[in-house]
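Take 1 as the starting number for the sequence shown in my numbering and just add one per residue. Backbone N, C-alpha and C define an ideal beta-carbon position, used for all residues, glycine too. Shown next, in structure tokens, is the structure this report addresses.
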Amino acid sequence: MAVSVPLIEKAVRCEPPLYRPFFRAGIAVVLTLGAAWGALLLVRIAWAGSFTAIGLQEVNAHGHAQIFGWVGLFVMGFAYYGLPRLKQVELAHPSLARLSLWLMGGGLVVRSVCQAAVVAWAGFGLPAVLASVAEIAAIGILVWVVLATLRNAEAGLEFLDYYVLAALGWFLVQAIYGTVYFTATLLAPGRDELLGLVATWQGPLREIQIHGFAMLMILGVSQRVLPPLYGLRRPSAARSLSALVGINGALVGVVTGLLLMRLAGHAWAGLWYLSVLAMAAATVALVRRWGLFGPVERSNRSLKYVRAAYAWLFISLAMLVALPLYQFGLLPWLAPESEAASIGFSHAYYGAIRHTVTVGYVSLMIMGVAARMVPEFQDIRQESLGRLWTPFLLVNTGCAIRVVSQTWTDFAAPAFAVTGVSGLLELTGLAVWGVHLWRLMSRPKAAISPSIDERDAARHCEASRCSVLSV
Ligand code: HEM
Numbered sequence: 001m002a003v004s005v006p007l008i009e010k011a012v013r014c015e016p017p018l019y020r021p022f023f024r025a026g027i028a029v030v031l032t033l034g035a036a037w038g039a040l041l042l043v044r045i046a047w048a049g050s051f052t053a054i055g056l057q058e059v060n061a062h063g064h065a066q067i068f069g070w071v072g073l074f075v076m077g078f079a080y081y082g083l084p085r086l087k088q089v090e091l092a093h094p095s096l097a098r099l100s101l102w103l104m105g106g107g108l109v110v111r112s113v114c115q116a117a118v119v120a121w122a123g124f125g126l127p128a129v130l131a132s133v134a135e136i137a138a139i140g141i142l143v144w145v146v147l148a149t150l151r152n153a154e155a156g157l158e159f160l161d162y163y164v165l166a167a168l169g170w171f172l173v174q175a176i177y178g179t180v181y182f183t184a185t186l187l188a189p190g191r192d193e194l195l196g197l198v199a200t201w202q203g204p205l206r207e208i209q210i211h212g213f214a215m216l217m218i219l220g221v222s223q224r225v226l227p228p229l230y231g232l233r234r235p236s237a238a239r240s241l242s243a244l245v246g247i248n249g250a251l252v253g254v255v256t257g258l259l260l261m262r263l264a265g266h267a268w269a270g271l272w273y274l275s276v277l278a279m280a281a282a283t284v285a286l287v288r289r290w291g292l293f294g295p296v297e298r299s300n301r302s303l304k305y306v307r308a309a310y311a312w313l314f315i316s317l318a319m320l321v322a323l324p325l326y327q328f329g330l331l332p333w334l335a336p337e338s339e340a341a342s343i344g345f346s347h348a349y350y351g352a353i354r355h356t357v358t359v360g361y362v363s364l365m366i367m368g369v370a371a372r373m374v375p376e377f378q379d380i381r382q383e384s385l386g387r388l389w390t391p392f393l394l395v396n397t398g399c400a401i402r403v404v405s406q407t408w409t410d411f412a413a414p415a416f417a418v419t420g421v422s423g424l425l426e427l428t429g430l431a432v433w434g435v436h437l438w439r440l441m442s443r444p445k446a447a448i449s450p451s452i453d454e455r456d457a458a459r460h461c462e463a464s465r466c467s468v469l470s471v
């Protein structure tokens, strides 16, 4: 039977596509202030043969753009569009959600650009701090809208929602913490005071951003969407919640350990390390039960991204666990003359761990999940699309070269030249993927052919759980 016009309209007029401006803004950020700027920084590092060849505020401006713009905007787009579909409820306060795009997008551009420019003129500090306040407001709105949406859901709070809430809590905490910390760096009276601030407060901030916000959010979304997508084992509530408690507790231990190590004595490194072990154990125990690396019931182009992402997560956790062995075993043995051995801290190794998790895990997950979800949101058949091998290979190769060669710079200076190339590979991969996704989002949403029968259209809406809302 040919589908009736009202039904086509109902099927096509699923929720307003609020994810689009957020995803587009995220792609724009990663291809400019994020990966493009990062690649440029890396080329300068390679040219100078030193990771300290670039300024603190410049590096941190890149990091800021990536956390708030690349990760943050994608999380917001998914939370505003995907979460209501999953919970089968309308998004609460949609106009506030739209406002948060402008606060976040505008805020992060002003903050990142002014932060990098502050070295040239201190007057850029004030707009940068004000822009950070706009970002805090945007995240506050996100938390408010998500809470209100979850409250309206018939199913109420389910155990996986606690991952989302914990991640959003850390997102808000890091935004406030980051603003105070950034302001303090602007007010530091001299270089020694500035270095003291960085050594004490920057490490904990990164932990909250990467393991508190990004990793917990991805673990929550993974447990929700990967079982139906690939036919993986569903986690039990008890196991999932105990992992959540374990990871959060370990994160508090990691942050406290790092701070007390600087403020109260080096013995607190013990707390940091035990917490790292606990975080790694809780994460691995949770993920390995999903059966992600075994045979799966269903596959599609996103599976290779998800598998590679979790492989990178395990590598980053293993590198973190091996940090004392590297710093106090390998370095003094193989490179006793190196700066890293003499000062007792390897910037290269620590930076390599961070890159493993931010690019290998977080970015590949964003790429894979978006490559699976956007066609669904747009009513485009998955089978009609390319497999996205080129960006997959470029980003993975770039990440592998970066992690190995950055670590290798502790042992041999020529490794810097190799490191410089890696950023360009990653940038190209992200650009190929970004253009593909952008074009998918630009297709008109009427991809459901009028020739399909009425049952198919109804089933389509049911499967994608879209509520029939006016556009
Ligand atoms: C895609 C290609 C990327 C390139 C070429 C790149 C490049 C760089 C470079 C050269 C640095 C300074 C060197 C170092 O500390 O190791 C850096 C630092 C940083 N990057 Fe990236 N990056 C990329 C992606 C990302 C992503 C996706 C994120 C976050 C999701 C991110 C977050 C950060 C952060 C937070 C820092 C500052 C680290 C600190 O010193 O505390 N980067 N990046």
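Have a look at W312, V284, V404 and flag the residue whose alpha-carbon is nearest the alpha-carbon of T419.
-> Position 419 of the sequence shown, counted from the first residue, corresponds to residue 419. Measuring from the Cα of T419, the nearest candidate turns out to be V404.
My assumption, with CB atoms under 8 Å, is that Y230 sits in contact with V296. Please give the rounded CB distance. Here residue 230 corresponds to residue number 230 of the sequence shown, with the count starting at 1. Here residue 296 corresponds to residue number 296 of the sequence shown, with the count starting at 1. Right, the Cβ-Cβ distance comes to about 4 Å (below 8 Å), so this counts as a contact.
Open item on the list: My parser needs the alpha helix (DSSP H) runs of 4 or more residues fully inside the segment 368-455; what are they?
Closed with: 389-408, 415-442
Report task. Evaluate R443 with the Cβ neighbour count: other Cβ atoms within 10 Å of its Cβ, from every protein chain shown; 16 or more gives buried, anything less gives exposed. Result -> Locating residue 443 in the sequence shown gives position 443, where the first residue counts as 1. Answer is exposed; the Cβ neighbour count stays below 16.
- prompt: Are the beta-carbon atoms of K304 and F411 separated by less than 8 Å?
  reply: As a working note, residue 304 is residue 304 in the sequence shown. As a working note, residue 411 is residue 411 in the sequence shown. Not in contact: K304 and F411 (Cβ atoms no closer than 8 Å).
*Please work out which residues of its chain come closer than 7 Å, Cβ to Cβ, to L232, disregarding the five sequence neighbours upstream and downstream, and give them in chain order.*
Translated into the one-based positions of the sequence shown, residue 232 becomes position 232. Here the set comprises L226, W290, G291, L292, V296.
*Which stretch, first to last residue, makes up the alpha helix (DSSP H) that contains A167?*
Numbered from its first residue, the sequence shown carries residue 167 at position 167. Element bounds for A167: 161-187.
Considering only C-alpha positions, which residue in the set A264, L320, W389, G82 is nearest to V164? In the sequence shown, the residue the question calls residue 164 occupies position 164. That would be G82, whose Cα lies nearest to the Cα of V164.
Does the beta-carbon of I366 have 16 or more other beta-carbons within 10 angstroms, so that it is buried, or is it exposed? Residue numbering aside, residue 366 sits at position 366 when the sequence shown is read from its first letter. Its Cβ being crowded by 16 or more others within 10 Å, I366 is buried.
Fill in: the ligand HEM heavy atom lying under 7 Å from the CB of H211
Your numbering for residue 211 matches position 211 in the sequence shown. No, Cβ of H211 sits at least 7 Å from all heavy atoms of the ligand HEM.
By the 10 Å Cβ neighbour count, where 16 or more other Cβ atoms means buried, how is H62 classified, buried or exposed?
The sequence position of residue 62 within the sequence shown is 62, counting from 1. Buried, by the Cβ-count rule.
Tell me whether F78 counts as near the ligand HEM, meaning its Cβ is closer than 7 Å to at least one heavy atom of that ligand. Sequence index remark: in the sequence shown, residue 78 carries index 78 (1-based). Result no, Cβ not under 7 Å from the ligand HEM.
A148 classed as buried or exposed, judged by whether at least 16 other C-beta atoms fall within 10 angstroms: Here the question's residue 148 lines up with position 148 in the sequence shown. Classification for A148: exposed.
*asked:* Suppose you measure from the CA of R439 to the CA of K87; what does that come to, to the nearest Å?
replied: By 1-based counting over the sequence shown, the position of residue 439 is 439. By 1-based counting over the sequence shown, the position of residue 87 is 87. Using only the alpha carbons, I get a separation of about 28 Å.
Would you check if the segment 29-39 and the segment 420-430 touch, i.e. whether three or more CB-CB distances between them fall below 8 Å? yes
query: Looking at V484 and the ligand HEM, is the gap between the Cβ and the nearest heavy atom below 7 Å?
result: Outside the modelled stretch of the chain, which goes from 1 to 471, sits residue 484, for which no answer is possible.
With respect to the alpha helix (DSSP H) encompassing P204, which residues constitute its N-terminal and C-terminal limits? Numbered from its first residue, the sequence shown carries residue 204 at position 204. That run of the alpha helix (DSSP H) goes 203-207.
In whole angstroms, give me the CA-to-CA distance for A28 and F22. Here residue 28 corresponds to residue number 28 of the sequence shown, with the count starting at 1. Here residue 22 corresponds to residue number 22 of the sequence shown, with the count starting at 1. Computed Cα separation, rounded: 10 Å.
Please state whether DSSP places T358 in a helix, a strand or coil. Along the sequence shown, read from residue 1 onward, the residue named residue 358 stands at position 358. Correct three-state label for T358: helix.
Note to self: What I want to know is whether the C-beta of F51 ends up closer than 7 Å to one or more non-hydrogen atoms of the ligand HEM.
What the structure shows: For this step, residue 51 is matched to residue 51 along the sequence shown. Checking the Cβ of F51 against the ligand HEM gives yes.
message: Less than 6 Å between C-beta atoms, sequence neighbours within five positions excluded: which residues of the same chain meet that for R234?
response: Looking up residue 234 in the sequence shown gives position 234. P227.
Practice prompt. Rank L331, A311, I315, G368 by C-alpha distance to the C-alpha of S299 and give the top, closest one.
Written response: The residue you call residue 299 lines up with position 299 of the sequence shown. Per the Cα distances, G368.
Note to self: Please report the distance separating the alpha-carbon of A478 from that of T409.
What the structure shows: Outside the modelled stretch of the chain, which goes from 1 to 471, sits residue 478, for which no answer is possible.
Evaluate R111 with the Cβ neighbour count: other Cβ atoms within 10 Å of its Cβ, from every protein chain shown; 16 or more gives buried, anything less gives exposed. If you number the sequence shown from 1, residue 111 lands on position 111. It counts as buried.
Drop a sphere of 10 angstroms on the beta-carbon of T52, count the other beta-carbons inside from all chains shown, and report buried for 16 or more, exposed for fewer. Here residue 52 refers to the residue found at position 52 of the sequence shown. Label assigned to T52: exposed.
Inset, instruction - Measure the alpha-carbon distance for I448 versus E58 and round it to whole angstroms. - result: The residue given as residue 448 occupies position 448 in the sequence shown. The residue given as residue 58 occupies position 58 in the sequence shown. Any answer about I448 is weak, because its pLDDT of 44 lies below 50 and its placement is not dependable; what the coordinates show is given next. Cα-Cα distance, rounded: 47 Å.
*Assigned exposure category for D192 - 16 Cβ within 10 Å defines buried*: In the sequence shown, counting from the first residue as 1, residue 192 sits at position 192. So D192 ends up on the exposed side.
Limits of the unbroken alpha helix (DSSP H) element including R247: Working through the sequence shown from its first residue, we reach residue 247 at position 247. The sequence shown places Ile at residue 247, not Arg. Counting along the chain, the alpha helix (DSSP H) containing I247 begins and ends at 237-263.
**Message:** Are there any heavy atoms of the ligand HEM lying less than 7 Å away from the beta-carbon of N60, as far as the coordinates show?
**Reply:** Here residue 60 is taken as the residue at index 60 of the sequence shown, counted from 1. For the ligand HEM, at least one heavy atom lies less than 7 Å from the Cβ of N60.
Under 8 Å between C-beta atoms of Y162 and Y80 | Sequence index remark: in the sequence shown, residue 162 carries index 162 (1-based). Sequence index remark: in the sequence shown, residue 80 carries index 80 (1-based). Their beta carbons are not under 8 Å apart, which means Y162 does not touch Y80 by this criterion.
- [ ] Starting from P127, trace the alpha helix (DSSP H) both ways and give me its first and last residue.
- [x] Here residue 127 corresponds to residue number 127 of the sequence shown, with the count starting at 1. Here the alpha helix (DSSP H) through P127 covers 125-152.
| Would you call E383 buried or exposed, if buried means 16 or more other Cβ atoms sit within 10 Å of its Cβ? | For the purposes of this step, residue 383 is taken as the residue at position 383 of the sequence shown. Exposed, because fewer than 16 other Cβ atoms sit within 10 Å of the Cβ of E383.
Problem set entry | Pairwise C-alpha distance: I67 and W312 | In the sequence shown, counting from the first residue as 1, residue 312 sits at position 312. In the sequence shown, counting from the first residue as 1, residue 67 sits at position 67. When rounded, the distance between both Cα atoms is 18 Å.
Measuring alpha carbon to alpha carbon, tell me which of I136, P127, N396 ends up nearest V173. In the sequence shown, residue 173 corresponds to position 173, counting from 1. V173 has its Cα closest to that of I136, out of I136, P127, N396.
For R301, report the span of its alpha helix (DSSP H) as first-last. The residue given as residue 301 occupies position 301 in the sequence shown. From DSSP, R301 is part of no alpha helix (DSSP H); its letter is neither H nor E.
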